[in-house]
Amino acid sequence: MAQVDIRQVHKSYAGREVLARLDLAMNDGELVCLLGPSGCGKTTLLRIIAGFVTPDSGQILVGGQDVSALSPSARKMGMVFQAYSLFPNMTALDNVRFGPRVAGTPRAEQTRRAEHLLDMVGLASHAQKFPHQLSGGQQQRVALARALAVQPRVLLLDEPLSALDAKVRVQLRDEIRRIQRDTGVTTVLVTHDQEEALSISDRVAVMNQGRLLQVASPATIYREPADAFVASFIGAASVFAGRAAGAAIQVGALTLPARAAATFTPGQPVDLFIRPEHVRLAALTDDIPPGAIAAIIQETTFFGSLTRLHLTLPDGGKLWADLPSEQAETFRTGSHVAARWDATAPRVMAK
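The opening position of the sequence shown corresponds to residue 41 in the working numbering, with each subsequent residue numbered one higher.
The structure is reproduced here in structure tokens:
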């Protein structure tokens, strides 16, 4: 399978820079998610890889071959769109068989390949149904099988799950990952859904305003964000602006433990990011324990197995804490608590 190298790819529309000379290398058989907010350039980059959009400059290499000047059909890539884009007058079997047929594959091989792929996506019994007879999730499975039927060097997925309801989205997400691993095809998936990206990827490429901010494993992206945007965009985090003060940061009269602050010059302006799962709570007694801060529970949000508590600090700052729901039930809205976290937990960044 192919390795994809994106080299210094740049694109502007009407003088507005959409992609800012991006470099990104994808390994053979890897699934990489392009993740970012709407308008960050991720779909434009995917369409440049596919050959539907021509960059102003830069190269796209697949398996060491420069495909920048090749038409989309000559690049031997499979693409799955958000809107399915199935042929309405063809059965599921004929939709999957379409690519190999256009490529001149013998009819018996077309059918064998299409039946195998429909079985792989769990739709063998729906081979003779037309798209209008299938659910949205089933149509997207057919679209995935059709993209794989051409035996692509690279599989491109453009927000393939965003039109589906939550339960089907999770099911199909897991199926895409299973099928990608089974086939070993190098895959690029565009999404704005961070949960989707973190759960399905080998690596995540976080984009904003046409730039790649960080490319790393999901765990690294979450635990060690490269900058303030990544830290805020990936997962939930409470953010505090203050000044480095040894192994803490000073936010007004509050001292917030953060061992990473010791690497900054005392007094240097910094931001502290703390994930809600790192915050621990205890009922507040007369004295605040060392290393803890006083807080008031303003509201709670129930997520099933966990509950998020929204806290207000003495200076008016906001703090989130995620607790197992059984434990969270011991705290009441309006109650005073002591909040604390391990000093190694926060991420501290220069402003």
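We treat Cβ as the ideally placed atom computed from N, Cα and C, and that holds for glycine.
If you're wondering where the values come from, they're calculated on a predicted model, not measured in any experiment.
| Check | Outcome |
| --- | --- |
| Inter-residue spacing [alpha-carbon to alpha-carbon] between A277 and L312 | 9 Å |
| Sequence-distant residues of the same chain with beta carbon closer than 7 Å to P192, five excluded per side | K116, M117, G118 and V225 |
| The segment 177 to 195 contacting the segment 135 to 146, beta-carbon criterion three pairs below 8 Å | yes |
| T341, DSSP secondary structure in three states | strand |
| Distance CB(V377)-CB(A322) smaller than 8 Å | yes |
| Backbone secondary structure at I328 - three-state DSSP | coil |
| Spatially closest choice to L196 from L74, G307 and P330, by CA coordinates | L74 |
| Between the CA atoms of G292 and A206 - distance to the nearest angstrom | 42 Å |
| R380 to A266 span [Cα, whole Å] | 24 Å |
| V246: first and last residue of the uninterrupted beta strand (DSSP E) it sits in | R243 to N248 |
| Beta-bridge pairing of M66 - partner residues as DSSP gives them | V44 |
| For T94, three-class secondary structure by DSSP | coil |
| Chain-order list of residues whose beta-carbon lies under 7 Å from that of T231 (same chain, five-residue window excluded) | C73, L75, E199 and A237 |
| Closest Cα partner of S202 within the set G282, S78 and L157 | S78 |
| Same chain, Cβ closer than 6 Å to L101, neighbours up to 5 away in sequence not counted | D45 |
| Short Cβ contact (8 Å threshold) for V58 with G250 | yes |
| Sub-8 Å separation of L126 and Q179 beta-carbons | yes |
| Segments assigned beta strand (DSSP E), at least 3 residues, entirely inside the segment 81 to 163 | 97 to 102 and 117 to 120 |
| Cutoff 8 Å; reference A123; Cβ partners in own chain excluding five residues on either side | A203 |
| Host alpha helix (DSSP H) of G282 (start-end) | No alpha helix (DSSP H) holds G282; the beta strand (DSSP E) holding it covers S278 to A284. |
| Chain-order list of residues whose beta-carbon lies under 6 Å from that of A65 (same chain, five-residue window excluded) | D45 |
| Rounded Cβ spacing between A335 and L359 (contact assumed at less than 8 Å) | 6 Å |
| Assumed close pair H350, Q338 - CB separation to whole angstroms, cut-off 8 Å | 5 Å |
| Buried/exposed call for D63, threshold 16 Cβ in 10 Å | exposed |
| Those residues which DSSP pairs with S52 across a bridge | E57 |
| Length of the line joining the Cα atoms of R56 and T227 | 28 Å |
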